[in-house]
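K.L.:
In this note's numbering, the protein residues as written are 391 to 569.
Glycine included, every Cβ here is placed at the ideal spot set by N, Cα and C.
Remember, predicted model here, so these are calculated numbers, not experimental data.
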(Lines of atoms letter the chains of each structure in order from A; the text may use other names.)
(Lines give C-alpha, C1' and ligand atoms only; values in the text may rest on other atoms or scores of the structure.)
Protein backbone atom coordinates (compact mmCIF):
# COMPACT_ATOMS: atom_id res chain seq x y z
CA UNK A 391 0.00 0.00 0.00
CA UNK A 392 1.05 3.56 -0.61
CA UNK A 393 1.40 6.38 1.87
CA UNK A 394 0.26 9.91 1.05
CA UNK A 395 0.05 13.16 2.96
CA UNK A 396 -3.36 14.83 3.07
CA UNK A 397 -3.88 18.01 5.14
CA UNK A 398 -0.67 17.26 7.07
CA UNK A 399 -1.96 13.87 8.20
CA UNK A 400 -0.30 10.65 7.26
CA UNK A 401 -2.94 8.57 5.53
CA UNK A 402 -2.34 5.03 4.41
CA UNK A 403 -4.35 3.92 1.36
CA UNK A 404 -4.32 0.65 -0.44
CA UNK A 405 -4.26 2.04 -3.97
CA UNK A 406 -2.62 -1.08 -5.36
CA UNK A 407 -5.53 -3.28 -4.29
CA UNK A 408 -8.04 -0.73 -5.56
CA UNK A 409 -6.36 -0.53 -8.98
CA UNK A 410 -6.03 -4.32 -9.13
CA UNK A 411 -9.79 -4.66 -8.58
CA UNK A 412 -10.43 -2.27 -11.48
CA UNK A 413 -8.55 -4.50 -13.92
CA UNK A 414 -11.37 -6.95 -14.69
CA UNK A 415 -13.74 -4.03 -15.18
CA UNK A 416 -11.45 -2.15 -17.56
CA UNK A 417 -10.08 -4.93 -19.78
CA UNK A 418 -13.28 -5.33 -21.77
CA UNK A 419 -13.28 -1.76 -23.08
CA UNK A 420 -10.12 -2.04 -25.20
CA UNK A 421 -11.21 -5.49 -26.39
CA UNK A 422 -14.53 -4.10 -27.60
CA UNK A 423 -13.05 -0.91 -29.01
CA UNK A 424 -10.21 -2.65 -30.86
CA UNK A 425 -12.72 -5.19 -32.21
CA UNK A 426 -14.90 -2.34 -33.46
CA UNK A 427 -11.80 -0.74 -34.97
CA UNK A 428 -11.05 -3.92 -36.91
CA UNK A 429 -14.63 -4.07 -38.21
CA UNK A 430 -14.60 -0.42 -39.32
CA UNK A 431 -11.14 -0.81 -40.86
CA UNK A 432 -12.60 -3.62 -42.97
CA UNK A 433 -15.60 -1.45 -43.84
CA UNK A 434 -13.36 1.47 -44.84
CA UNK A 435 -11.50 -0.64 -47.43
CA UNK A 436 -14.75 -0.86 -49.40
CA UNK A 437 -16.39 2.44 -48.48
CA UNK A 438 -14.56 5.73 -48.92
CA UNK A 439 -15.75 8.26 -46.37
CA UNK A 440 -13.68 10.99 -44.69
CA UNK A 441 -15.83 10.89 -41.55
CA UNK A 442 -15.37 7.14 -41.26
CA UNK A 443 -11.60 7.56 -41.36
CA UNK A 444 -11.74 10.16 -38.57
CA UNK A 445 -14.04 7.87 -36.58
CA UNK A 446 -11.57 4.99 -37.00
CA UNK A 447 -8.74 7.16 -35.69
CA UNK A 448 -10.88 8.09 -32.67
CA UNK A 449 -11.66 4.41 -32.06
CA UNK A 450 -7.96 3.59 -32.15
CA UNK A 451 -7.15 6.42 -29.75
CA UNK A 452 -9.86 5.28 -27.33
CA UNK A 453 -8.65 1.70 -27.63
CA UNK A 454 -5.08 2.70 -26.84
CA UNK A 455 -6.18 4.79 -23.85
CA UNK A 456 -8.38 1.94 -22.61
CA UNK A 457 -5.53 -0.49 -23.21
CA UNK A 458 -3.20 1.72 -21.20
CA UNK A 459 -5.64 1.73 -18.29
CA UNK A 460 -6.01 -2.06 -18.56
CA UNK A 461 -2.23 -2.59 -18.61
CA UNK A 462 -1.62 -0.24 -15.66
CA UNK A 463 -4.32 -1.87 -13.54
CA UNK A 464 -3.09 -5.26 -14.74
CA UNK A 465 0.36 -4.47 -13.38
CA UNK A 466 -1.24 -3.80 -10.01
CA UNK A 467 -3.28 -7.00 -10.28
CA UNK A 468 -0.06 -8.90 -10.97
CA UNK A 469 1.45 -7.45 -7.80
CA UNK A 470 -1.62 -8.58 -5.86
CA UNK A 471 -1.14 -12.11 -7.26
CA UNK A 472 2.43 -12.48 -5.97
CA UNK A 473 1.40 -14.34 -2.77
CA UNK A 474 -0.60 -16.79 -4.91
CA UNK A 475 2.31 -17.27 -7.30
CA UNK A 476 4.70 -17.84 -4.40
CA UNK A 477 2.38 -20.54 -3.02
CA UNK A 478 2.14 -22.08 -6.54
CA UNK A 479 -1.61 -21.47 -6.67
CA UNK A 480 -1.21 -19.58 -9.95
CA UNK A 481 1.19 -20.22 -12.81
CA UNK A 482 3.80 -17.46 -12.91
CA UNK A 483 4.54 -18.38 -16.53
CA UNK A 484 0.89 -17.79 -17.47
CA UNK A 485 0.86 -14.44 -15.67
CA UNK A 486 4.04 -13.38 -17.46
CA UNK A 487 2.70 -14.47 -20.86
CA UNK A 488 -0.55 -12.57 -20.25
CA UNK A 489 1.43 -9.46 -19.33
CA UNK A 490 3.67 -9.84 -22.37
CA UNK A 491 0.75 -10.17 -24.79
CA UNK A 492 -1.05 -7.23 -23.15
CA UNK A 493 2.02 -5.02 -23.60
CA UNK A 494 2.53 -6.19 -27.18
CA UNK A 495 -1.13 -5.47 -27.95
CA UNK A 496 -0.96 -1.99 -26.45
CA UNK A 497 2.26 -1.00 -28.21
CA UNK A 498 1.15 -2.61 -31.49
CA UNK A 499 -2.09 -0.64 -31.63
CA UNK A 500 -0.28 2.52 -30.53
CA UNK A 501 2.06 2.13 -33.52
CA UNK A 502 -0.93 1.50 -35.81
CA UNK A 503 -2.60 4.63 -34.41
CA UNK A 504 0.48 6.78 -35.06
CA UNK A 505 0.91 5.41 -38.59
CA UNK A 506 -2.80 5.73 -39.40
CA UNK A 507 -2.92 9.26 -38.05
CA UNK A 508 0.10 10.17 -40.20
CA UNK A 509 -1.39 8.73 -43.38
CA UNK A 510 -4.78 10.31 -42.65
CA UNK A 511 -3.45 13.81 -41.97
CA UNK A 512 -1.08 13.73 -44.95
CA UNK A 513 -3.95 12.53 -47.20
CA UNK A 514 -1.88 9.50 -48.27
CA UNK A 515 -4.61 6.93 -47.76
CA UNK A 516 -4.55 5.05 -51.05
CA UNK A 517 -6.28 1.71 -51.70
CA UNK A 518 -2.96 -0.09 -51.07
CA UNK A 519 -2.47 1.70 -47.75
CA UNK A 520 -6.04 0.82 -46.73
CA UNK A 521 -5.35 -2.86 -47.42
CA UNK A 522 -2.12 -2.68 -45.43
CA UNK A 523 -4.02 -1.22 -42.47
CA UNK A 524 -6.66 -3.93 -42.79
CA UNK A 525 -3.89 -6.55 -42.62
CA UNK A 526 -2.38 -4.75 -39.61
CA UNK A 527 -5.79 -4.72 -37.94
CA UNK A 528 -6.22 -8.46 -38.52
CA UNK A 529 -2.74 -9.12 -37.09
CA UNK A 530 -3.76 -7.03 -34.07
CA UNK A 531 -6.77 -9.28 -33.55
CA UNK A 532 -4.34 -12.15 -32.92
CA UNK A 533 -2.72 -10.17 -30.09
CA UNK A 534 -6.13 -9.35 -28.62
CA UNK A 535 -7.06 -13.03 -28.75
CA UNK A 536 -3.84 -14.21 -27.09
CA UNK A 537 -4.08 -11.61 -24.33
CA UNK A 538 -7.66 -12.59 -23.62
CA UNK A 539 -6.91 -16.32 -23.83
CA UNK A 540 -4.17 -16.02 -21.21
CA UNK A 541 -6.24 -13.70 -18.99
CA UNK A 542 -9.21 -16.04 -19.27
CA UNK A 543 -7.10 -18.98 -18.14
CA UNK A 544 -5.94 -17.00 -15.13
CA UNK A 545 -9.53 -16.39 -14.08
CA UNK A 546 -11.27 -19.61 -15.12
CA UNK A 547 -8.51 -22.11 -14.44
CA UNK A 548 -6.84 -20.53 -11.40
CA UNK A 549 -9.54 -18.20 -10.07
CA UNK A 550 -7.28 -15.13 -10.25
CA UNK A 551 -8.97 -12.08 -8.80
CA UNK A 552 -11.95 -14.02 -7.49
CA UNK A 553 -13.24 -14.62 -3.98
CA UNK A 554 -12.44 -18.32 -4.46
CA UNK A 555 -8.76 -17.47 -4.80
CA UNK A 556 -8.86 -15.49 -1.56
CA UNK A 557 -10.37 -18.50 0.17
CA UNK A 558 -7.69 -20.78 -1.28
CA UNK A 559 -4.88 -18.69 0.16
CA UNK A 560 -6.53 -18.80 3.59
CA UNK A 561 -6.45 -22.59 3.38
CA UNK A 562 -10.18 -23.15 3.23
CA UNK A 563 -10.74 -26.77 2.20
CA UNK A 564 -14.47 -26.69 1.44
CA UNK A 565 -16.11 -23.66 -0.03
CA UNK A 566 -19.78 -22.96 0.55
CA UNK A 567 -21.36 -20.28 -1.67
CA UNK A 568 -22.55 -17.15 0.13
CA UNK A 569 -26.30 -16.55 0.19
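Between residue 492 and chain D, is there a C-beta pair that is closer than 8 angstroms?
P.N.:
Note that chain D does not occur in the displayed structure, where there is just one protein chain.
K.L.:
For residue 495 versus residue 534, is the C-beta distance shorter than 8 angstroms?
P.N.:
Locating residue 495 in the chain shown gives position 105, counting from the first residue. Locating residue 534 in the chain shown gives position 144, counting from the first residue. It is a contact, given that the beta carbons lie within the stated cut-off.
K.L.:
Determine the DSSP secondary structure at residue 417, reduced to helix, strand or coil.
P.N.:
Sequence index remark: in the chain shown, residue 417 carries index 27 (1-based). Coil at residue 417, not helix or strand.
K.L.:
Taking Cβ positions, are residue 420 and residue 453 nearer each other than 8 angstroms?
P.N.:
Reading the chain shown from its first residue, position 30 is the one you call residue 420. Reading the chain shown from its first residue, position 63 is the one you call residue 453. Their beta carbons are under 8 angstroms apart, which means residue 420 touches residue 453 by this criterion.
K.L.:
Please work out which residues of its chain come closer than 7 angstroms, Cβ to Cβ, to residue 536, disregarding the five sequence neighbours upstream and downstream, and give them in chain order.
P.N.:
Counting from one through the chain shown, the residue named residue 536 turns up at place 146. Same-chain partners within the cutoff: 491.
K.L.:
Considering only their Cβ atoms, is the gap separating residue 485 from residue 468 smaller than 8 angstroms?
P.N.:
Position 78 of the chain shown, counting from 1, holds the residue named residue 468. Position 95 of the chain shown, counting from 1, holds the residue named residue 485. Closer than 8 angstroms, so yes.
K.L.:
Where are the beta strand (DSSP E) runs, 3 residues long or more, that stay fully inside the region 408-464, in chain order?
P.N.:
Runs found: none.
K.L.:
Quick one: is residue 498 buried, meaning 16 or more other Cβ sit within 10 Å of its Cβ, or exposed?
P.N.:
Looking up residue 498 in the chain shown gives position 108. Label assigned to residue 498: buried.
K.L.:
Please report the distance separating the alpha-carbon of residue 470 from that of residue 526.
P.N.:
As a position in the chain shown, residue 470 is number 80, starting the count at 1. As a position in the chain shown, residue 526 is number 136, starting the count at 1. Looking at the two C-alpha atoms, the distance is approximately 34 angstroms.
K.L.:
With a CB to CB cut of under 7 angstroms and the five nearest residues on each side skipped, what residues in its chain are close to residue 524?
P.N.:
Position 134 of the chain shown, counted from the first residue, corresponds to residue 524. Here the set comprises 431, 432 and 435.
K.L.:
Using a Cβ-Cβ cut-off of 7 angstroms (strictly less than) and excluding sequence neighbours within five positions of residue 531, which residues of its own chain qualify?
P.N.:
For the purposes of this step, residue 531 is taken as residue 141 along the chain shown, with counting starting at 1. Cβ within range, chain order: 428.
K.L.:
Is it right to say residue 507 is buried, meaning 16 or more other beta carbons lie within 10 angstroms of its own, or is it exposed?
P.N.:
By one-based count along the chain shown, residue 507 stands at place 117. That one is exposed.
K.L.:
Please report how far the alpha carbon of residue 447 lies from the alpha carbon of residue 455, in whole angstroms.
P.N.:
Here residue 447 refers to the residue found at position 57 when the chain shown is read from its first residue. Here residue 455 refers to the residue found at position 65 when the chain shown is read from its first residue. If you take the alpha carbons of residue 447 and residue 455, they lie about 12 angstroms apart.
K.L.:
Report back the beta-carbon spacing between residue 540 and residue 487 to the nearest angstrom; my notes put them in contact at under 8 angstroms.
P.N.:
Against the chain shown, residue 540 aligns to sequence position 150. Against the chain shown, residue 487 aligns to sequence position 97. Residue 540 to residue 487, Cβ: 5 angstroms. Contact.
K.L.:
What I want to know is whether the C-beta of residue 483 ends up closer than 7 angstroms to one or more non-hydrogen atoms of the ligand GDP.
P.N.:
Here there are no bound small molecules, and the ligand GDP is not part of this structure.
K.L.:
Taking only three categories from DSSP, how would you classify residue 509?
P.N.:
As a working note, residue 509 is residue 119 in the chain shown. Reduced to three states, the DSSP call for residue 509 is helix.
K.L.:
Using only CA atoms, which one of 438, 424, 423 and 459 lies nearest to residue 513?
P.N.:
In the chain shown, counting from the first residue as 1, residue 513 sits at position 123. Comparing Cα-Cα distances from residue 513 to each of 438, 424, 423 and 459, the minimum goes to 438.
K.L.:
Please work out which residues of its chain come closer than 6 angstroms, Cβ to Cβ, to residue 410, disregarding the five sequence neighbours upstream and downstream, and give them in chain order.
P.N.:
Within the chain shown, residue 410 is the residue found at index 20, counting from 1. These residues qualify, in order along the chain: 466, 467 and 470.
K.L.:
Only counting the same chain, and skipping five residues up and downstream in sequence, which positions put a Cβ closer than 6 angstroms to that of residue 502?
P.N.:
As a working mapping, residue 502 is identified with position 112 in the chain shown. So the list reads 526, once near-sequence residues are dropped.
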